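According to my numbering, the sequence shown is numbered sequentially starting from 5. Where is the CB? At the ideal position from N, CA and C, for every residue including glycine. Source: prediction; values computed, not measured. Okay, so here's the structure we're looking at.
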Amino acid sequence: MSGGNSGSEVEVRVVRLAANSPAAPLTMIRLLALLPPDWPCSARVSADRITLRVGAGPDAARAAVTGALRDRALRGWSLADAHE
Numbered sequence: 005m006s007g008g009n010s011g012s013e014v015e016v017r018v019v020r021l022a023a024n025s026p027a028a029p030l031t032m033i034r035l036l037a038l039l040p041p042d043w044p045c046s047a048r049v050s051a052d053r054i055t056l057r058v059g060a061g062p063d064a065a066r067a068a069v070t071g072a073l074r075d076r077a078l079r080g081w082s083l084a085d086a087h088e
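This is the structure:
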């Protein structure tokens, strides 16, 4: 997915929806691996939440994370604002 680094950062929060979903640290690694490799990223992880800081515009970042969450290995995780 294109989008590139727009020079700004956006925060995207992902939450665990089910106790049997993959662990947060492993999910974070998978998420980062599925994002465009040229985007700067950082993450904070707790048991049921991952907060990503992505060097892309908000629409591109949301679209990329939403696409990554379709991966079967990330089943049970979702964008936080969809559930808050």
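Between the segment 33-48 and the segment 58-69, can you find at least three pairs of beta-carbon atoms closer than 8 Å? Flag = yes, the segment 58-69 and the segment 33-48 touch.
For I33, count the other beta carbons within 10 Å of its own beta carbon; 16 or more makes it buried, fewer makes it exposed. Which is it? Exposed: under 16 other Cβ atoms inside 10 Å.
CB contact flag (W43, A60, <7 Å): Closer than 7 Å, so yes.
Out of R17, L21 and A22, which has the shortest C-alpha to C-alpha gap to C45? If we check each option's Cα against that of C45, R17 comes out closest.
Does the beta-carbon distance from P29 to V49 come in below 7 Å? For P29 and V49, yes; Cβs fall inside 7 Å.
I need the boundaries of the alpha helix (DSSP H) containing A47, first residue and last residue. First-last for A47: C45 to V49, but that is the beta strand (DSSP E), not the alpha helix (DSSP H).
Is R66 helix, strand or coil by DSSP? Shown here, R66 sits in a helix according to DSSP, grouped into three states.
Since A51 and V58 are thought to touch, with beta carbons under 8 Å apart, how far apart are those beta carbons, to the nearest angstrom? Distance from A51 to V58 at the Cβ level is roughly 22 Å; contact not present, criterion being Cβ atoms closer than 8 Å.
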